[in-house]
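Peer 1: Residue numbers (the working numbering), protein chains in the order written: chain G, 8 to 127; chain W, 8 to 127.
C-beta: ideal position from N, C-alpha, C; glycine also.
Model, not experiment: these values are computed from the prediction.
2 protein chains.
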Amino acid sequence: MPGTATESKARVEVACCAPLDTVNMTSDQAEQAAAMFKALADPARIRIVNLLANAPDAACVCDITPHVELSQPTVSFHLKKLLTAGLVERTQRGKWAYYSIRPGVLSEIADALELKGTRT
Amino acid sequence: MPGTATESKARVEVACCAPLDTVNMTSDQAEQAAAMFKALADPARIRIVNLLANAPDAACVCDITPHVELSQPTVSFHLKKLLTAGLVERTQRGKWAYYSIRPGVLSEIADALELKGTRT
DNA sequence: TTGTCATATTGACAAATGTCGATGTGTCAT
DNA sequence: ATGACACATCGACATTTGTCAATATGACAA
Chain G
8 MPGTATESKA
18 RVEVACCAPL
28 DTVNMTSDQA
38 EQAAAMFKAL
48 ADPARIRIVN
58 LLANAPDAAC
68 VCDITPHVEL
78 SQPTVSFHLK
88 KLLTAGLVER
98 TQRGKWAYYS
108 IRPGVLSEIA
118 DALELKGTRT
Chain W
8 MPGTATESKA
18 RVEVACCAPL
28 DTVNMTSDQA
38 EQAAAMFKAL
48 ADPARIRIVN
58 LLANAPDAAC
68 VCDITPHVEL
78 SQPTVSFHLK
88 KLLTAGLVER
98 TQRGKWAYYS
108 IRPGVLSEIA
118 DALELKGTRT
């Protein structure tokens, strides 16, 4: 990194930029934020979240499946990803499993964003 | 899907949920949103974005690298991902490449989020 | 209890991703 | 021209991811 004139020999190099001393986020914070975004990093899961966010009530898998045009096991696979990421909730009623957006999730994502700087 | 009483035989089954007629997003919209989130779906890239968002000025690779504790080629790899996703900008000045957050990106991400429902 | 239905899990596999060392490319100073 | 430096690209590799058919699980009805 240029700009550190430590040697006795005249190191007059220009600095490439400011030292970047900003408070770093912890590895945990980074991993956690990345996990949130990873859960949304797939078109199928985006569709599911969109569906659930706009649905009047919780929705069962049999109604979600036709909207994403994937096999039922694959839809379950994506729902599990969303579930373990904490983006959706699951409740069993009868033989059906109902999924819904976990309340407050959207604002949490917004928080994750501000975590990386409020400027701009 | 239960609830569709089409047969002449009395199909008195209970419906599992409402028909979910909500306006679907297009495949393009889903893919585009997923691409945004995919760019953020990695701890290293989260750190980089955090760094750039909090930096007073644009930062060069040589200053970013030590903060993410990865090899220089790997950092370049991540920067390229962020670049092609449109999250950061690149300008060459002298022998250094300066990266900065593309202005307006954070609100665009927020928009992508609202795309999946304004309720909660 | 037996069957049916809705959902989850498993096993297999192709494709994408993250990582690094080695090397290429472009820019500046000498 | 030559060398040093900052960064990008390449080749190789292990890991993760998304997908499906087949099968297991769990709930209800008859």
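Please return the same chain residues whose Cβ sits closer than 8 Å to the Cβ of G:K16, not counting the five positions on each side in sequence.
Peer 2: Mapped onto the first sequence, residue 16 of chain G falls at position 9. At G:K16, the pLDDT of 32 sits below 50, so the modelled position is not reliable; the number obtained from the coordinates is stated separately. Closer than 8 Å at the Cβ level, and outside the excluded window around G:K16, lies no residue.
Peer 1: Which residues of chain G have a Cβ atom closer than 8 Å to the Cβ of W:L86, listed in chain order?
Peer 2: Sequence index remark: in the second sequence, residue 86 of chain W carries index 79 (1-based). Those do not exist, as W:L86 stays about 14 Å from chain G at its closest Cβ, beyond 8 Å.
Peer 1: Keeping to the same chain, check which residues put their C-beta closer than 7 Å to that of W:L77; ignore five residues upstream and five downstream.
Peer 2: Reading the second sequence from its first residue, position 70 is the one you call residue 77 of chain W. If we look at W:L77 and ignore the five residues flanking it on each side, its Cβ neighbours are A51.
Peer 1: Would you kindly work out how many angstroms separate the C-alpha atoms of G:A104 and W:P80, rounded to a whole number?
Peer 2: Here residue 104 of chain G refers to the residue found at position 97 of the first sequence. Here residue 80 of chain W refers to the residue found at position 73 of the second sequence. So the two alpha carbons sit approximately 46 Å from each other.
Peer 1: Hey, would you say G:N57 sits closer than 7 Å to W:M32, going by beta carbons?
Peer 2: The residue you call residue 57 of chain G lines up with position 50 of the first sequence. The residue you call residue 32 of chain W lines up with position 25 of the second sequence. Yes; because the gap between Cβ atoms is below 7 Å, this pair is in contact.
Peer 1: Any residues in the segment 73-104 of chain G with a beta carbon nearer than 7 Å to a beta carbon of chain W? Which ones, in chain order?
Peer 2: For the segment 73-104 of chain G, which is checked against every Cβ of chain W, the residues closer than 7 Å are H74 and W103.
Peer 1: In this structure, does DSSP put G:A17 in helix, strand or coil?
Peer 2: Taking the first sequence and counting its residues from 1, the one referred to as residue 17 of chain G is at position 10. Note that G:A17 scores 33 on pLDDT, short of 50, meaning its location in the model is unreliable and no value can be drawn from it.
Peer 1: Using beta-carbon positions only, say whether G:F44 and W:A117 come within less than 7 Å of one another.
Peer 2: Locating residue 44 of chain G in the first sequence gives position 37, counting from the first residue. Locating residue 117 of chain W in the second sequence gives position 110, counting from the first residue. Not a contact, by the Cβ cut-off of 7 Å.
Peer 1: Counting C-beta neighbours from all protein chains within 10 Å, is the total for G:D70 16 or more, i.e. buried, or is it exposed?
Peer 2: By one-based count along the first sequence, residue 70 of chain G stands at place 63. G:D70 is buried by the Cβ-count criterion.
Peer 1: By the DSSP assignment, the beta strand (DSSP E) with W:A37 in it spans what residues?
Peer 2: Reading the second sequence from its first residue, position 30 is the one you call residue 37 of chain W. First-last for W:A37: S34 to A46, but that is the alpha helix (DSSP H), not the beta strand (DSSP E).
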